[in-house]
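Below is one structure, written out as structure tokens, with a few remarks after it.
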Amino acid sequence: MTRYFTNLVNLYGEQVSRDENGLFDEAASAYFSYSAQLYTAVEQAFPCLTGDAIAAKPFFFSRFMSYANFTGFFFPFTAEANINIDSPACLAPATIAHELAHQRGVAQEDEANFVAVLASLTDGDSVYCYSACLLAYIHLGNALCEADYDAWLENYQRLSDGVRADLANNNAYWAQFETAVSTVSDAVYTGFLQSYGQTLGLQTYGKCVDLLVAYYYDTAAEQITAD
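In our numbering, the protein residues as written are 3 to 229.
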């Protein structure tokens, strides 16, 4: 599965714009505007994901969200998905897709991550596909690294320079916020998740791997075998 998403993230990574440092550099206004139609295709396959076509919004105080270790949040009273635009843009489209999953009633975080990948790949927009595949690679890669470091390293070395640059930039950005504030925020958010019956707390995000494997395994196995 990690190999499959390594291939996909490399493929879509060649289709997005990059700056002089090789980093993801798509216009935020474009992918925010596009977000209103992102779920149109997946709604046809999964009617349970049908919802109002409401575009995500950039959050004005995004830097404060980073200090609290948040990339986005869904505000149920206005049905708005609010996105951190201070953090590296490479994962912003995936975050939008994640928050729009909440907008459509997907409550659990692990399921929202999976649905973000599913919706993006079903839609086919290269910007969303790249960001979603990067999100999937991070989850799968982290799990693989714990289980088999050599296999993880082999896959990591297959990543294109652009993908590696985005991953390094994302890691460097979030490293600066590893403070007492982020620790307290994590503890508070874990309590919030557990209050909604997600007993694993923040570990719930790791279950995204199970859903990716369950849904994409046959396709991945066929492709990797063919390669």
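Using N, Cα and C, we set each Cβ at its ideal position, and we do this for glycine too.
Treat the numbers as computed from the prediction; the structure is a model and nothing was measured.
- Annotated as proximal: A96 and L137, with beta-carbon spacing under 8 Å.
- In this structure, the beta-carbon distance from A145 to V211 falls below 8 Å.
- Between V108 and V119, the CB-CB gap reaches or exceeds 8 Å.
- With a threshold of 16 other beta carbon atoms within 10 Å, S31 falls short and is exposed.
- With distances taken between CA atoms, Y132 lies nearest to G164 out of W176, G164, Q46.
- In the three-state scheme derived from DSSP, where H, G and I count as helix and E and B as strand, A32 is classed as helix.
- Cβ atoms of Q105 and A83 come within 8 Å of each other, at about 6 Å.
- The Cβ atoms of Y139 and F7 lie closer than 8 Å to each other.
- Here the C-alpha atom of L155 lies approximately 22 Å from the C-alpha atom of C92.
- Per DSSP, reduced to three states, the secondary structure at F116 is helical.
- DSSP lists F26 as the beta-bridge partner residues of R20.
- Residue E28 holds the alpha-carbon nearest to the alpha-carbon of S19 among L40, N12, V11, E28.
- Collapsing the DSSP output to three states places L10 in a helix.
- DSSP places V211 in the helix class (H, G or I) of the three-state scheme.
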